[in-house]
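Peer 1: First residue of the sequence shown: 7, per the numbering used here; consecutive thereafter. Handing you this structure, nothing more for now.
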Amino acid sequence: MEDSGRGTGGAAGSRRKDARRNERALLDAAAAVFVASGVDAPVRDIAARAGVGMGTIYRHFPTRADLVIAVYRHQIDACAEAGPALLATSPTPHAALERWVDLFVDFLVTKRGLAAALRTDSAQFETLHASFLDRLLPVCARLLDAATASGEIRSGLDALHLMRGIGNLCIGADSDPDYDARRLVTLLVAGLRRPV
(Lines of atoms letter the chains of each structure in order from A and count residues from 1; the text may use other names and numbers.)
(Lines give C-alpha, C1' and ligand atoms only; values in the text may rest on other atoms or scores of the structure.)
Protein backbone atom coordinates (compact mmCIF):
# COMPACT_ATOMS: atom_id res chain seq x y z
CA MET A 1 0.00 0.00 0.00
CA GLU A 2 1.34 3.47 -0.91
CA ASP A 3 1.58 6.26 1.61
CA SER A 4 0.25 9.61 0.33
CA GLY A 5 0.70 8.41 -3.23
CA ARG A 6 4.52 8.41 -2.99
CA GLY A 7 5.20 4.71 -2.45
CA THR A 8 8.44 3.32 -1.11
CA GLY A 9 10.56 5.04 -3.78
CA GLY A 10 9.98 8.38 -2.06
CA ALA A 11 11.33 7.11 1.27
CA ALA A 12 14.41 5.58 -0.41
CA GLY A 13 15.02 8.78 -2.35
CA SER A 14 14.73 10.81 0.84
CA ARG A 15 17.24 8.52 2.58
CA ARG A 16 19.67 8.89 -0.34
CA LYS A 17 19.36 12.70 -0.19
CA ASP A 18 19.99 12.59 3.58
CA ALA A 19 23.02 10.34 3.05
CA ARG A 20 24.45 12.69 0.39
CA ARG A 21 23.84 15.71 2.62
CA ASN A 22 25.51 13.95 5.57
CA GLU A 23 28.49 12.96 3.42
CA ARG A 24 28.86 16.58 2.18
CA ALA A 25 28.78 17.82 5.78
CA LEU A 26 31.41 15.25 6.75
CA LEU A 27 33.64 16.27 3.80
CA ASP A 28 33.20 19.97 4.65
CA ALA A 29 34.24 19.22 8.23
CA ALA A 30 37.25 17.16 7.06
CA ALA A 31 38.33 19.92 4.68
CA ALA A 32 38.14 22.53 7.45
CA VAL A 33 40.19 20.33 9.80
CA PHE A 34 42.73 19.60 7.03
CA VAL A 35 43.10 23.34 6.31
CA ALA A 36 43.64 24.07 10.01
CA SER A 37 45.76 21.05 10.99
CA GLY A 38 46.87 19.19 7.85
CA VAL A 39 45.78 15.85 6.42
CA ASP A 40 47.33 13.98 9.34
CA ALA A 41 44.86 15.55 11.78
CA PRO A 42 43.21 13.00 14.10
CA VAL A 43 40.01 11.47 12.75
CA ARG A 44 38.35 12.24 16.11
CA ASP A 45 38.78 15.98 15.33
CA ILE A 46 36.94 15.51 12.03
CA ALA A 47 34.21 13.44 13.71
CA ALA A 48 33.76 16.09 16.41
CA ARG A 49 33.52 18.90 13.87
CA ALA A 50 31.05 16.92 11.74
CA GLY A 51 29.01 15.87 14.78
CA VAL A 52 29.30 12.17 13.97
CA GLY A 53 30.98 9.15 15.51
CA MET A 54 34.34 7.93 14.25
CA GLY A 55 32.65 4.75 13.03
CA THR A 56 30.61 6.82 10.59
CA ILE A 57 33.78 8.22 9.06
CA TYR A 58 35.42 4.80 8.77
CA ARG A 59 32.25 3.33 7.28
CA HIS A 60 32.36 5.92 4.47
CA PHE A 61 36.15 6.18 4.18
CA PRO A 62 38.01 3.05 5.37
CA THR A 63 41.48 4.63 4.95
CA ARG A 64 42.91 8.11 5.37
CA ALA A 65 43.77 8.10 1.65
CA ASP A 66 40.08 7.44 0.84
CA LEU A 67 39.09 10.41 2.98
CA VAL A 68 41.76 12.74 1.56
CA ILE A 69 40.81 11.82 -2.02
CA ALA A 70 37.11 12.37 -1.28
CA VAL A 71 37.85 15.77 0.29
CA TYR A 72 40.02 16.67 -2.70
CA ARG A 73 37.25 15.79 -5.18
CA HIS A 74 34.67 17.57 -3.01
CA GLN A 75 36.77 20.73 -2.96
CA ILE A 76 37.31 20.61 -6.73
CA ASP A 77 33.54 20.47 -7.14
CA ALA A 78 32.98 23.25 -4.60
CA CYS A 79 35.56 25.54 -6.27
CA ALA A 80 34.14 24.83 -9.72
CA GLU A 81 30.57 25.56 -8.59
CA ALA A 82 31.57 28.65 -6.60
CA GLY A 83 32.92 30.61 -9.57
CA PRO A 84 29.63 31.21 -11.39
CA ALA A 85 27.75 31.66 -8.10
CA LEU A 86 30.24 34.31 -6.95
CA LEU A 87 30.02 36.14 -10.28
CA ALA A 88 26.24 36.24 -9.89
CA THR A 89 26.24 37.47 -6.28
CA SER A 90 29.38 39.59 -5.78
CA PRO A 91 29.28 43.37 -6.17
CA THR A 92 31.98 43.26 -8.89
CA PRO A 93 33.80 40.62 -10.96
CA HIS A 94 37.04 41.48 -9.13
CA ALA A 95 35.33 40.86 -5.77
CA ALA A 96 34.14 37.50 -7.14
CA LEU A 97 37.70 36.69 -8.23
CA GLU A 98 39.07 37.61 -4.79
CA ARG A 99 36.53 35.38 -3.03
CA TRP A 100 37.15 32.51 -5.42
CA VAL A 101 40.92 32.77 -4.96
CA ASP A 102 40.38 32.54 -1.19
CA LEU A 103 38.49 29.24 -1.71
CA PHE A 104 41.23 28.08 -4.06
CA VAL A 105 43.89 28.77 -1.40
CA ASP A 106 41.95 26.63 1.10
CA PHE A 107 41.83 23.92 -1.53
CA LEU A 108 45.60 24.13 -2.16
CA VAL A 109 46.32 23.88 1.56
CA THR A 110 44.36 20.61 1.65
CA LYS A 111 45.97 19.41 -1.60
CA ARG A 112 49.43 19.59 0.02
CA GLY A 113 48.84 16.29 1.79
CA LEU A 114 47.37 14.50 -1.20
CA ALA A 115 50.69 13.33 -2.65
CA ALA A 116 51.73 11.84 0.69
CA ALA A 117 48.35 10.13 1.09
CA LEU A 118 48.69 8.58 -2.38
CA ARG A 119 52.36 7.57 -2.16
CA THR A 120 51.67 4.18 -3.70
CA ASP A 121 49.19 5.28 -6.37
CA SER A 122 50.73 7.86 -8.70
CA ALA A 123 48.22 7.02 -11.47
CA GLN A 124 45.33 8.04 -9.23
CA PHE A 125 47.17 11.24 -8.29
CA GLU A 126 47.65 12.08 -11.98
CA THR A 127 43.97 11.40 -12.68
CA LEU A 128 42.95 13.72 -9.84
CA HIS A 129 45.34 16.42 -11.05
CA ALA A 130 43.88 16.21 -14.56
CA SER A 131 40.38 16.53 -13.09
CA PHE A 132 41.57 19.55 -11.09
CA LEU A 133 42.79 21.29 -14.26
CA ASP A 134 39.75 20.33 -16.35
CA ARG A 135 37.30 21.68 -13.77
CA LEU A 136 39.08 24.73 -12.36
CA LEU A 137 40.95 26.30 -15.29
CA PRO A 138 37.74 27.29 -17.13
CA VAL A 139 36.28 28.74 -13.92
CA CYS A 140 39.37 30.84 -13.24
CA ALA A 141 39.44 31.96 -16.91
CA ARG A 142 35.78 33.02 -16.72
CA LEU A 143 36.44 35.07 -13.57
CA LEU A 144 39.49 36.72 -15.17
CA ASP A 145 37.55 37.46 -18.37
CA ALA A 146 34.69 39.04 -16.41
CA ALA A 147 37.06 41.21 -14.34
CA THR A 148 38.94 42.22 -17.51
CA ALA A 149 35.70 43.07 -19.35
CA SER A 150 34.59 45.24 -16.41
CA GLY A 151 37.87 47.17 -16.64
CA GLU A 152 38.93 46.18 -13.11
CA ILE A 153 42.05 44.21 -14.03
CA ARG A 154 44.60 44.41 -16.81
CA SER A 155 44.07 42.34 -19.92
CA GLY A 156 46.12 39.43 -21.19
CA LEU A 157 46.11 37.44 -17.95
CA ASP A 158 46.25 33.67 -18.24
CA ALA A 159 44.28 31.46 -15.84
CA LEU A 160 46.92 28.72 -15.73
CA HIS A 161 49.68 31.20 -14.90
CA LEU A 162 47.57 32.79 -12.16
CA MET A 163 46.71 29.41 -10.64
CA ARG A 164 50.37 28.33 -10.77
CA GLY A 165 51.44 31.61 -9.17
CA ILE A 166 48.93 31.14 -6.35
CA GLY A 167 50.07 27.54 -5.95
CA ASN A 168 53.72 28.57 -5.75
CA LEU A 169 52.92 31.19 -3.10
CA CYS A 170 51.17 28.52 -1.03
CA ILE A 171 54.15 26.14 -1.04
CA GLY A 172 56.07 28.01 1.69
CA ALA A 173 53.35 27.35 4.24
CA ASP A 174 54.47 23.68 4.40
CA SER A 175 57.76 24.36 6.11
CA ASP A 176 57.35 27.68 7.92
CA PRO A 177 54.47 28.23 10.38
CA ASP A 178 55.06 32.01 10.19
CA TYR A 179 54.74 32.07 6.41
CA ASP A 180 51.51 33.86 5.45
CA ALA A 181 50.58 32.51 2.04
CA ARG A 182 47.11 34.06 2.16
CA ARG A 183 48.56 37.56 2.60
CA LEU A 184 50.92 37.05 -0.34
CA VAL A 185 48.12 35.73 -2.53
CA THR A 186 46.00 38.75 -1.58
CA LEU A 187 48.84 41.01 -2.73
CA LEU A 188 49.11 39.05 -5.99
CA VAL A 189 45.39 39.43 -6.74
CA ALA A 190 45.48 43.13 -5.81
CA GLY A 191 48.37 43.50 -8.27
CA LEU A 192 46.13 42.34 -11.12
CA ARG A 193 44.19 45.61 -10.92
CA ARG A 194 44.47 47.97 -13.84
CA PRO A 195 46.57 51.04 -13.00
CA VAL A 196 44.42 54.11 -12.37
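All C-beta atoms, glycine included, are put in the ideal place defined by N, C-alpha and C. Owing to the predicted nature of the structure, the values given are computational and were not obtained by experimental measurement.
1. What does DSSP give as the partner residue(s) for R199 in the beta ladder?
2. Could you tell me the alpha carbon to alpha carbon distance between R170 and V115, rounded to whole angstroms?
3. Tell me the rounded alpha-carbon separation between A129 and N174.
4. Considering just the uninterrupted stretch of the alpha helix (DSSP H) at P68, what are its terminal residues?
5. How far does the alpha helix (DSSP H) with A54 in it extend, from its first residue to its last?
6. Kindly give me the distance between the Cβ atoms of L32 and A56, rounded to whole angstroms, as I take these residues to be in contact under 8 Å.
7. Are the CB atoms of F138 and I82 nearer to each other than 8 Å?
8. Between L142 and the rest of its own chain, which residues show a CB-CB distance below 8 Å, the 5 nearest in sequence each way excluded?
9. May I ask you to report which of helix, strand or coil DSSP gives T98?
10. Compare the Cα-Cα distances from A88 to each of A71, I75, T69 and D108 and report the closest residue.
11. If you draw a straight line from the alpha carbon of I172 to that of Y64, how long is it in whole angstroms?
12. Write down the C-beta distance between M60 and A53 rounded to the nearest angstrom, noting that I regard them as a contact closer than 8 Å.
13. Suppose the cutoff is 8 Å on Cβ atoms and the five residues either side in sequence are ignored; what does the same chain contact list for R148 look like?
Peer 2: According to the data block:
1. For the purposes of this step, residue 199 is identified with residue 193 of the sequence shown, where counting begins at 1. Note: R199 sits in a beta bridge opposite I159.
2. Counting from one through the sequence shown, the residue named residue 170 turns up at place 164. Counting from one through the sequence shown, the residue named residue 115 turns up at place 109. So the alpha carbons of these two residues sit roughly 14 Å apart.
3. For the purposes of this step, residue 129 is taken as the residue at position 123 of the sequence shown. For the purposes of this step, residue 174 is taken as the residue at position 168 of the sequence shown. About 23 Å.
4. In the sequence shown, residue 68 corresponds to position 62, counting from 1. No residue range can be given for P68, since it is assigned to no alpha helix (DSSP H) and is classified by DSSP as neither H nor E.
5. As a position in the sequence shown, residue 54 is number 48, starting the count at 1. Per DSSP, A54 belongs to the alpha helix (DSSP H) from V49 to A56.
6. Stepping through the sequence shown from its first residue, residue 32 is reached at position 26. Stepping through the sequence shown from its first residue, residue 56 is reached at position 50. Between A56 and L32 the Cβ distance is about 5 Å, and since that is below 8 Å, they are a contact.
7. Reading the sequence shown from its first residue, position 132 is the one you call residue 138. Reading the sequence shown from its first residue, position 76 is the one you call residue 82. Yes. Within cutoff.
8. To locate residue 142, count along the sequence shown from 1; it is residue 136. Counting only Cβ-Cβ distances below 8 Å, and skipping sequence neighbours, we find I82, C85, A86, F110 and M169.
9. For the purposes of this step, residue 98 is taken as the residue at position 92 of the sequence shown. In the structure shown, T98 sits in coil (DSSP, three-state: anything other than H, G, I, E or B).
10. Residue numbering aside, residue 88 sits at position 82 when the sequence shown is read from its first letter. Distance from the Cα of A88 is smallest, within the candidate group A71, I75, T69 and D108, for D108.
11. In the sequence shown, residue 172 corresponds to position 166, counting from 1. In the sequence shown, residue 64 corresponds to position 58, counting from 1. If you draw a straight line from the Cα of I172 to the Cα of Y64, it is about 33 Å long.
12. The residue labelled residue 60 in the question sits at position 54 within the sequence shown. The residue labelled residue 53 in the question sits at position 47 within the sequence shown. Separation of the CB atoms of M60 and A53 is rounded to 5 Å, and the pair is thereby assigned contact status at 8 Å.
13. Along the sequence shown, read from residue 1 onward, the residue named residue 148 stands at position 142. Closer than 8 Å at Cβ, skipping near neighbours: G89, P90 and L93.
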